[in-house]
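K.L.:
Position 271 of the sequence shown, counted from 1, bears residue number 271 in this note's numbering, the numbering being contiguous throughout.
For each residue, glycine too, the CB sits at the ideal point set by N, CA and C.
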Amino acid sequence: MNPSWAGEAGAGEVGIWAAHMGSPGAGAQARNARRGAPPAGRTDEWLARRAKRFAWGTAPADLIAVNPPMARTERRNLRQREQLFDTPDWLKQKQCPHKAKYMAGPRIQPRNITGKEKLPDLIDATFLAYNGARLREGVQLFTNRMLEPDVTVGLSVSGALTPAGLGCSSIIPLIKAGFVDWIVSTGANLYHDLHFALNFPVHAGSPKFDDTDLRDNDLVRIYDVVIPYSDGLMATDEILREIMLQPEFQKEMGTAELHYLIGRYAAEWERKNGLKDVSVMAAAYRAGVPCYTSSPGDSTIGMNVAGVELRGSKLRVNPSIDVNETTSFVLAAKRGGGRSAVVLLGGGSPKNFMLQTEPQIQEVLRIKEFGQDFFLQITDARPDTGGLSGATPSEAVSWGKVDPARLPDAVVCYTDSTIALPLMTHYALARRKRRKLRRLYDQRAACMKALTREYFTHNKVKMIDGSEPDLG
Ligand SMILES: NC(=O)c1ccc[n+]([C@@H]2O[C@H](COP(=O)([O-])OP(=O)(O)OC[C@H]3O[C@@H](n4cnc5c(N)ncnc54)[C@H](O)[C@@H]3O)[C@@H](O)[C@H]2O)c1
């Protein structure tokens with residue numbers, strides 16, 4: 001240590017600080033002199049002056065002594081910390097023209113849950129962020145916007161929902177309340193729906209069941225649902241084949257008619273078994289809700305159609321009937337001055353089948369249209385794989401499936417339909433009066449006629465045999 005520094009600093013903290021500075025050698029002393037190091041004999045005064053400069057304000061001398069001058073970075077950090085306590089001038093003066101818009105959502109400060117809340121109130125008040133918020137937005141979109149009287153609502157159903165009881169608990173009440181006007185489902189959901197009409201048991205089980213043991217015990221498993229094989233599946237198949245051999249099935253038809261005819265038998269089976277509202281197909285039959293499947297061959301219903309064909313059945317399923325009929329419903333909704341909505345449970349081919357109605361109108365039939373007005377999807381599928389199941393409504397805009405102007409009325413909720421659907425059904429039934437049944441099944445011929453007329457009006461084409469189309 002340089003004795004002159006230490007001695008000149010005197011006793012106490014400044015001296016200690018000075019000691020920390022180390023003792024400059026000859027070169028250092030020369031540097032210090034250049035930087036304004038204390039001239040001999042004036043160290044205390046110089047230190048106090050220098051400390052004052054760094055201490056911003058008029059700190060008492062003893063405090064200055066305890067808090068020596070800071071390095072430049074330290075000073076900068078302190079400055080930033082101090083500014084947190086007050087809105088700085090630069091922020092006060094900043095223009096934030098969109099701030100109010102982004103802060104327009106509900107404040108996140110829900111009340112404590114008591115256990116006495118009604119479910120719709122709980123959803124409104126506590127589903128505030130992430131997929132909880134998407135679910136709240138979805139049920140509100142469905143209830144407040146899609147269920148307005150002028151909106152025609154299509155429901156697509158993928159995933160094994162009827163075996164999980166979602167048909168009984170949710171889809172049937174939605175049909176009965178007039179909240180669903182047409183359906184596209186996987187054949188599997190409609191096939192398994194028949195077990196309920198026929199009173200064959202479907203039971204809750206476990207995903208941990210030993211599948212070899214299940215097979216040995218004549219049971220099949222869908223994740224944690226078990227269904228008897230011989231006296232469940234095979235018994236259903238046998239009755240289904242008997243039904244499909246009846247005279248009214250011996251022709252070409254679309255799947256709405258096929259399921260309507262099966263639904264009539266399902267309704268009869270429900271009645272005979274003393275059951276009420278357990279079968280989706282029976283409920284759809286009674287409410288005149290047309291029920292389509294996008295892949296007629298891809299389920300046990302399709303397998304049995306193929307089976308009876310080997311025995312000479314004349315039943316032929318024509319998917320083009322389905323494509324045109326579903327398209328005609330969407331066009332009829334628009335041309336009648338109303339709007340069209342889609343609720344998509346899961347993805348898969350029912351999702352596309354429902355959404356392709358708009359490209360069918362615009363791209364194939366060359367009729368000017370703009371896309372669906374409302375879009376709600378419940379799904380587990382991610383968009384980044386390029387798969388249809390996870391494709392977003394904005395991607396659907398690029399295909400003409402969704403009206404770009406209505407994109408704010410589109411919600412995707414990433415959750416399991418078995419969670420979302422009962423909540424949505426409860427919310428809608430609690431908050432909305434039932435709607436008059438639209439009975440689109442009975443209006444298929446009229447809607448098809450309107451579609452055909454508009455097609456020939458927009459396209460200068462004739463029938464392929466050269467004749468004029470019969471526009472009745
Ligand atoms: N015995 C039968 O009749 C039978 C049985 C099973 C499947 N199938 C057929 O197999 C095909 C596939 O049907 P699927 O229903 O298994 O389709 P799937 O499981 O492929 O579902 C389609 C998409 O929907 C989403 N999804 C599925 N379950 C969901 C859930 N619970 N919540 C949220 N999103 C969900 C997933 O993203 C999935 O990719 C259909 O054509 C069906 O008819 C037939």
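1) With a Cβ-Cβ cutoff of 9 angstroms, do residue 123 and residue 280 count as a contact?
2) Grab me the residues of residue 466's own chain with a C-beta within less than 6 angstroms of its C-beta, minus the 5 sequence neighbours each way, in chain order.
3) Less than 9 angstroms between the C-beta atoms of residue 297 and residue 303, yes or no?
4) Are the CB atoms of residue 386 and residue 347 within a distance shorter than 9 angstroms?
5) Report the residue from 351, 361, 355, 395 whose alpha carbon sits nearest the alpha carbon of residue 379.
6) Under the rule that 16 or more other beta-carbon atoms within 10 Å means buried, what is residue 147, buried or exposed?
7) Taking a cut-off of 5 angstroms, which residues have a beta-carbon closer than that to any heavy atom of ligand 1, in chain order?
8) Which whole runs of the alpha helix (DSSP H) in the stretch 387–414 are 4 residues long or more, in chain order?
9) Among all the DSSP beta bridges, which residues are the ones paired with residue 154?
10) Does the beta-carbon of residue 440 have 16 or more other beta-carbons within 10 angstroms, so that it is buried, or is it exposed?
11) Once you ignore the five residues that flank residue 377 on each side, which residues in its own chain have a CB closer than 6 angstroms to its CB?
12) Using only CA atoms, which one of 232, 323, 115, 204 lies nearest to residue 191?
13) Determine the direct distance from the alpha carbon of residue 338 to that of residue 154, and round the result to whole angstroms.
14) Starting from the N-terminal side, write out each stretch of the alpha helix (DSSP H) that is 4 residues or longer and does not extend beyond the stretch 234–270.
15) List the residues that DSSP assigns as beta-bridge partners of residue 204.
16) What is the DSSP secondary structure of residue 219, reduced to helix, strand or coil?
17) What's the C-alpha gap between residue 460 and residue 282?
18) Give the straight-line distance between the Cα atoms of residue 197 and residue 269, rounded to the nearest whole angstrom.
19) Suppose contacts are defined by Cβ-Cβ distances below 9 angstroms. Is residue 325 in contact with residue 256 by that definition?
20) In this structure, how does DSSP classify residue 62 when only helix, strand and coil are distinguished?
21) Do you know offhand how far residue 371's Cα is from residue 145's?
22) Is residue 96 helix, strand or coil when you go by DSSP?
23) By the 10 Å Cβ neighbour count, where 16 or more other Cβ atoms means buried, how is residue 135 classified, buried or exposed?
24) From residue 401 to residue 355, what does the alpha carbon distance come to, in whole angstroms?
25) Take residue 431 and list the residues in its own chain whose beta-carbon comes closer than 7 angstroms to its own, dropping the five residues that flank it on each side.
26) Could you tell me the alpha carbon to alpha carbon distance between residue 57 and residue 108, rounded to whole angstroms?
27) Taking the runs of the alpha helix (DSSP H) that are 4 residues or longer, which of them lie wholly in the stretch 269–316?
28) Measure the CB-CB distance between residue 471 and residue 444 and report whether it falls below 9 angstroms.
29) Cα-Cα, which of 254, 456, 284 is closest to residue 265?
30) Within 10 angstroms of its Cβ, does residue 458 collect 16 or more other Cβ (buried), or is it exposed?
31) Considering just the uninterrupted stretch of the alpha helix (DSSP H) at residue 356, what are its terminal residues?
32) Hey, how far is the Cα of residue 271 from the Cα of residue 286?
33) Decide if the stretch 420–430 is in contact with the stretch 164–183; the criterion is three or more beta carbon pairs, one per stretch, under 8 angstroms apart.
P.N.:
By the coordinates alone:
1) When the beta-carbon positions are compared, residue 123 and residue 280 stay at least 9 angstroms from each other.
2) None.
3) Contact: yes.
4) No.
5) Of the candidates 351, 361, 355, 395, the one whose C-alpha sits nearest the C-alpha of residue 379 is 351.
6) With 16 or more other Cβ atoms within 10 Å, it is buried.
7) Cβ-based neighbours of ligand 1 within the cut-off: 158, 159, 186, 187, 188, 191, 295, 298, 299, 300, 346, 347, 348, 379, 380, 381, 389, 416, 417.
8) Counting whole runs of 4 or more residues, the stretch 387–414 contains the alpha helix (DSSP H) stretches 393–398.
9) According to DSSP, which records beta bridges pairwise, residue 154 is partnered with 182, 342.
10) By the neighbour-count rule (16 or more Cβ atoms within 10 Å), residue 440 is buried.
11) When the five nearest sequence neighbours on each side are left out, the beta carbons in the same chain lying within less than 6 angstroms of the beta carbon of residue 377 are those of 344, 412, in order along the chain.
12) Nearest of 232, 323, 115, 204 to residue 191, Cα basis: 232.
13) Cα-Cα distance, rounded: 14 angstroms.
14) DSSP runs (the alpha helix (DSSP H)) wholly in the stretch 234–270: 235–244.
15) The bridge partners DSSP lists for residue 204 are 225.
16) Of the three classes helix, strand and coil, the one that applies to residue 219 here is strand, per DSSP.
17) Their backbone Cα atoms lie some 43 angstroms apart in a straight line.
18) If you take the alpha carbons of residue 197 and residue 269, they lie about 6 angstroms apart.
19) In this structure, residue 325 lies near residue 256, with their beta-carbon atoms less than 9 angstroms apart.
20) For residue 62, the predicted structure reports a pLDDT of 49, less than 50, and the residue's modelled location is therefore unreliable. A value from the coordinates is still provided. The answer is helix: DSSP assigns residue 62 an H, G or I state.
21) Taking the straight line from one Cα to the other gives about 17 angstroms.
22) In the structure shown, the three-state DSSP call for residue 96 is coil.
23) So residue 135 ends up on the buried side.
24) Distance between residue 401 and residue 355, taken at the CA atoms: about 6 angstroms.
25) Only 120, 143 meet the Cβ criterion.
26) Per-residue confidence for residue 57 stands at a pLDDT of 42, beneath the threshold of 50, marking its modelled position as unreliable; no derived number is given.
27) As far as the stretch 269–316 is concerned, its whole alpha helix (DSSP H) runs of at least 4 residues are 280–287, 300–309.
28) Not closer than 9 angstroms, so no.
29) Taking only the C-alpha atoms, the option nearest residue 265 is 284.
30) It counts as exposed.
31) Note, residue 356: premise wrong, no alpha helix (DSSP H); not H, not E.
32) Rounded to the nearest angstrom, the two C-alpha atoms are 13 angstroms apart.
33) Three or more beta-carbon pairs separated by less than 8 angstroms link the stretch 420–430 to the stretch 164–183, which places the two stretches in contact.
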